[in-house]
Amino acid sequence: MPPTPRSPKNRKTTDRSFSFGVRLRRCLMFGGIGILIAVISALGINAVRLQAASAQPVDAFLVLGGSIQREIYVAELAKQYPETPILISQGSAEPCIWLIFERAGAPMQNVWLEKCADSTFENFYFSSPILREWHTRKVKLLTSETHLPRAVWLAQILLGAQGIWVELETVPEEGVPANQESWLKTSLDVTRSLLWAVASQAYRPQCSNVTQLTAVDLEDWQERGFRCEHQAGLEI
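Just so you know, the numbering used here puts 1536 at position 175 of the sequence shown, and the rest follows in order with no gaps.
See the structure below:
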């Protein structure tokens, strides 16, 4: 038995559905191509910005917490570069850092303490918006060799996505710093950093606990009590 011919109404409905499907596929294809072109263009522009920034002088210091010796080290840098802002991400207790700078005779007015980060990823997660507000183009990252290569890879991904060139300087340390590295931790952190590098173009987190070093109330801390790492050699 020959197939029953479709009615004109059914043919029109099918034709409209087919036409809509074709248009939808074309829109998705061209939309995807447009997004790809936009991403490639943005990456190219950012690469040019980073290359230009690499030839510029360092305009900020970023210290990662994990050992008080890093803060001792940056206090000496502060004396050499008093106009360069310093951001210490989740470092030692505030009064300990204050005492280190006071003992070194280092200026404190350009030193800021960020206390929101609880991991290396968050060091850069919370620091990058602050560095952007400072119009930083080239930052010197201060950490220890035991924090590598994870710290520098995360810095290059997360700060690089903001157009900030990263220059590494390792701090000599004694003992065992707080950072413990593993390839699993590195792989996970690099993966989420790549994802956040894209998301951070639209959203920038704000740390609600950022303190200027000059605002630290030493007397209040002495009343409450605090302890510093013994390697600092601070008498409290």
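Ideal Cβ placement from N, Cα and C applies to all residues, glycine included. Because the structure is a prediction, the values reported are computed rather than measured.
1. Note down the Cα distance separating C1457 from L1555, rounded to an integer number of angstroms.
2. Given this structure, state the Cα-to-Cα distance separating E1494 from A1413, to the nearest angstrom.
3. Residues in its own chain within less than 8 Å of L1595 by CB, not counting five upstream and five downstream?
4. Just list the alpha helix (DSSP H) runs in the stretch 1488 to 1544, keeping only unbroken ones of 4 residues or longer that don't cross its boundaries, in chain order.
5. Between S1452 and H1508, which are expected to be in contact by the criterion C-beta below 8 Å, what is the C-beta distance as a whole number of angstroms?
6. In angstroms, rounded to a whole number, what distance separates the CA positions of V1500 and S1415?
7. Is V1577 helix, strand or coil by DSSP?
8. How about S1516 and V1527: do their beta carbons lie closer than 7 Å?
9. Suppose you measure from the CA of I1429 to the CA of Q1592; what does that come to, to the nearest Å?
10. Do S1561 and A1512 have their C-beta atoms within less than 7 Å of each other?
11. If you compare alpha carbons, which of G1586, A1576, R1498, W1514 is closest to N1484?
12. Between the C-alpha atoms of Y1486 and Y1442, what's the straight-line distance to the nearest angstrom?
13. Pull up the DSSP beta-bridge partners for F1422, would you.
14. If you draw a straight line from the C-alpha of E1580 to the C-alpha of W1473, how long is it?
15. Could you work out which residue in T1572, I1525, S1569, T1497 is closest to L1411 when comparing CA atoms only?
16. Please classify W1544 as buried or exposed, where buried requires at least 16 other C-beta atoms within 10 Å of its C-beta.
Taking the geometry as given:
1. When rounded, the distance between both Cα atoms is 34 Å.
2. Straight-line Cα distance between these residues: approximately 19 Å.
3. Residues of the same chain with a CB within less than 8 Å of the CB of L1595, apart from the 5 flanking positions on each side, are C1457, L1460, I1461, R1464, C1589 in chain order.
4. Counting only runs of 4+ residues, the alpha helix (DSSP H) found wholly inside the stretch 1488 to 1544 occupies 1511 to 1519, in chain order.
5. Per the sequence shown, the amino acid found at residue 1452 is Gly instead of Ser. With a Cβ gap of about 13 Å, G1452 and H1508 do not count as contacting.
6. V1500 and S1415 have their C-alpha atoms some 10 Å from each other.
7. Of the three classes helix, strand and coil, the one that applies to V1577 here is coil, per DSSP.
8. Looking at the sequence itself, residue 1516 is Ala, so the reference to Ser does not match. Less than 7 Å separates the beta-carbon of A1516 from that of V1527.
9. Whole-angstrom Cα-Cα distance: 7 Å.
10. No; because the gap between Cβ atoms is not below 7 Å, this pair is not in contact.
11. Nearest C-alpha to N1484 among G1586, A1576, R1498, W1514: W1514.
12. Going from the Cα of Y1486 to the Cα of Y1442 covers about 26 Å.
13. F1422 pairs with I1447, K1501.
14. Taking the CA atoms as reference points, E1580 sits about 19 Å from W1473.
15. Ranking the options by Cα distance to L1411, first place goes to I1525.
16. Of the other Cβ atoms in all chains shown, fewer than 16 fall within 10 Å of the Cβ of W1544; this residue is therefore exposed.
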